[in-house]
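K.L.:
I have a structure I would like to understand better, so I am pasting it below and will then ask my questions one at a time.
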Amino acid sequence: MLIEKITQALSAVREQKPLVVNITNYVVMNNTANALLAIGASPIMAHSTQEMAEMMSFSGALVINIGTLDSVWIPRMSYAVEQANLHKKPVILDPVGCGASTLRTETARTIARLANKLIIRGNASEIIALAGEQAQSKGVDSLDSSDAALGAAQCLVSEYGANVVISGETDYVVTQDQIVKLNNGHQMMPYVTGMGCTLTALTGAFAAVGDDTGLAAAAILGVVGEIAAEQSRGPGSLQMNLLDELYQLDEATLLQRLKIQN
304 MLIEKITQAL SAVREQKPLV VNITNYVVMN NTANALLAIG ASPIMAHSTQ
354 EMAEMMSFSG ALVINIGTLD SVWIPRMSYA VEQANLHKKP VILDPVGCGA
404 STLRTETART IARLANKLII RGNASEIIAL AGEQAQSKGV DSLDSSDAAL
454 GAAQCLVSEY GANVVISGET DYVVTQDQIV KLNNGHQMMP YVTGMGCTLT
504 ALTGAFAAVG DDTGLAAAAI LGVVGEIAAE QSRGPGSLQM NLLDELYQLD
554 EATLLQRLKI QN
């Protein structure tokens, strides 16, 4: 049943081509926009409050990524979430570097409290810190295993009514009803900047067509990352091959390669 939901979500994104509004960091705008295009969605990087109400009226989802946070962006993010709530659109929060500074931690919690239809996607240390527990991180890099963040993820599900995706060597999708374990991916993927941010953006595309768990995006990126790595000499070619595999992915390949447990 889970695999069927994933394949249906992939078909829906390619058929509907949902618009995904991204307030994301300067480092990954190009990466995430290209990934959204490759999977079949339509990205827009919108940061101005002057157009946000209009944007959220016809978009499919809002992605908030706090990677290059500052005092100008914070009120814009909050306003965008308010507009997403008004139009009943899902919000995907990437709490980049949560736990690395008080500003990042408090901003991530503020956004999480504000959003009505919330998916949180982070690495283990970010999820642990967001839940108020002691995390081990170095800047935006996680030093915790994804297994260690399961309890924190369940706390976030309870506190914010959110669904949570923990990315790492093993990915977990945590909802009120179940925990799904995904074992695709490749050890080279963390050497490409913004790989987690790409997953967050893709989560927005699938949320826009009805997958409010984050499962389809996590499953698909894991599979295409694994395939791309097999053809890549290093992180540079991996980034290029990843986009090609997102574009080329078909249901048969997904069914053959996906490693999923619940």
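Under my numbering, the residues of the sequence shown are numbered 304 to 565, in order.
By construction, the Cβ of each residue, glycine as well, lies at the ideal position given by its N, Cα and C atoms.
(1) Write down the C-beta distance between I430 and A455 rounded to the nearest angstrom, noting that I regard them as a contact closer than 8 angstroms.
(2) Enumerate, from N- to C-terminal direction, the unbroken beta strand (DSSP E) stretches of 3 or more residues contained entirely within the stretch 443-497.
(3) Among residues of its own chain, excluding the 5 on either side of I377, which ones have a beta-carbon nearer than 6 angstroms to its beta-carbon?
(4) I think R416 touches T506, with their Cβ atoms under 8 angstroms apart; what is that distance to the nearest whole Å?
(5) When you compare the stretch 377-395 with the stretch 329-342, are there three or more beta-carbon pairs, one atom per stretch, that lie closer than 8 angstroms?
(6) Per DSSP, what kind of secondary structure is I369 in: helix, strand or coil?
(7) Given 8 angstroms as the limit, is there contact between the stretch 466-481 and the stretch 352-368, that is, 3 or more CB pairs closer than that?
(8) Starting from the C-beta of Q481, find all residues in its chain whose C-beta is less than 7 angstroms away, skip the five residues before and the five after it, and write them out in chain order.
(9) Cα-Cα, which of E548, T327, E533 and G363 is closest to L389?
(10) Under 7 angstroms between the Cβ atoms of P398 and L433?
(11) Whose CA, out of I367, T405 and G402, lies closest to the CA of H350?
(12) For N426, list the residues DSSP reports as bridge partners.
(13) Measuring alpha carbon to alpha carbon, tell me which residue in D514, A521, N487 and G513 is nearest C500.
(14) List the whole-angstrom C-beta distance separating T371 from N333, where the pair is believed to meet the contact cut-off of C-beta under 8 angstroms.
(15) Less than 7 angstroms between the beta carbons of A508 and V375, yes or no?
(16) Might you give, ordered along the chain, the residues of its own chain that have their beta carbon closer than 6 angstroms to the beta carbon of I309, omitting 5 neighbours on each side?
(17) Use the C-beta contact count for I347: other C-beta atoms within 10 angstroms, 16 or more gives buried, fewer gives exposed.
(18) Considering only C-alpha positions, which residue in the set S540, S428, K420 and G435 is nearest to D514?
(19) Helix, strand or coil for D397 per DSSP?
(20) Assuming D474 contacts G525 under a Cβ cut-off of 8 angstroms, what Cβ separation, rounded to an integer in Å, is found between them?
P.N.:
According to the structure shown:
(1) Numbered from 1 along the sequence shown, position 127 holds the residue referred to as residue 430. Numbered from 1 along the sequence shown, position 152 holds the residue referred to as residue 455. Taking 8 angstroms as the upper bound for CB-CB distance, I430 and A455 are in contact here, some 5 angstroms apart.
(2) As far as the stretch 443-497 is concerned, its whole beta strand (DSSP E) runs of at least 3 residues are 466-470, 474-477 and 482-485.
(3) Residue 377 sits at position 74 when you count from the first residue of the sequence shown. Excluding residues within five positions, the ones whose Cβ falls inside 6 angstroms are T410.
(4) Counting from 1 along the sequence shown, the entry for residue 416 is found at position 113. Counting from 1 along the sequence shown, the entry for residue 506 is found at position 203. R416 to T506, Cβ: 20 angstroms. No contact.
(5) Remark: fewer than three beta-carbon pairs, one from each stretch, lie closer than 8 angstroms, so the stretch 377-395 and the stretch 329-342 are not flagged as touching.
(6) Here residue 369 refers to the residue found at position 66 of the sequence shown. Residue state, collapsed to three classes: coil.
(7) Proximity of the stretch 466-481 to the stretch 352-368 falls short of the contact definition, fewer than three beta-carbon pairs being nearer than 8 angstroms.
(8) Here residue 481 is taken as the residue at index 178 of the sequence shown, counted from 1. Closer than 7 angstroms at the Cβ level, and outside the excluded window around Q481, lie N565.
(9) Taking the first residue of the sequence shown as position 1, residue 389 is located at position 86. The shortest Cα separation from L389 among E548, T327, E533 and G363 belongs to G363.
(10) Within the sequence shown, the letter at position 95 stands for residue 398. Within the sequence shown, the letter at position 130 stands for residue 433. Result yes, Cβ atoms of P398 and L433 sit closer than 7 angstroms.
(11) Against the sequence shown, residue 350 aligns to sequence position 47. For H350, the closest of I367, T405 and G402 by C-alpha to C-alpha distance is I367.
(12) Locating residue 426 in the sequence shown gives position 123, where the first residue counts as 1. Note: N426 sits in a beta bridge opposite S470.
(13) Counted from its first residue, the sequence shown places residue 500 at position 197. Nearest of D514, A521, N487 and G513 to C500, Cα basis: A521.
(14) On the sequence shown, residue 371 is found 68 positions in, with the first residue counted as 1. On the sequence shown, residue 333 is found 30 positions in, with the first residue counted as 1. Going by Cβ atoms, the distance from T371 to N333 rounds to 14 angstroms, so no, they are not a contact pair.
(15) For this step, residue 508 is matched to residue 205 along the sequence shown. For this step, residue 375 is matched to residue 72 along the sequence shown. Not in contact: A508 and V375 (Cβ atoms no closer than 7 angstroms).
(16) Within the sequence shown, numbered from 1, the residue matching residue 309 stands at position 6. Apart from the 5 residues on each side of it in sequence, I309 sits with its Cβ closer than 6 angstroms to the Cβ of A519 and A522 in its chain, given in chain order.
(17) In the sequence shown, the residue the question calls residue 347 occupies position 44. Exposed: under 16 other Cβ atoms inside 10 Å.
(18) Position 211 of the sequence shown, counted from the first residue, corresponds to residue 514. When each option's Cα is compared against that of D514, the closest is K420.
(19) Within the sequence shown, residue 397 is the residue found at index 94, counting from 1. In this structure, D397 counts as strand in the three-state DSSP scheme.
(20) Indexing the sequence shown from 1 puts residue 474 at position 171. Indexing the sequence shown from 1 puts residue 525 at position 222. The Cβ separation is near 6 angstroms, so the contact holds.
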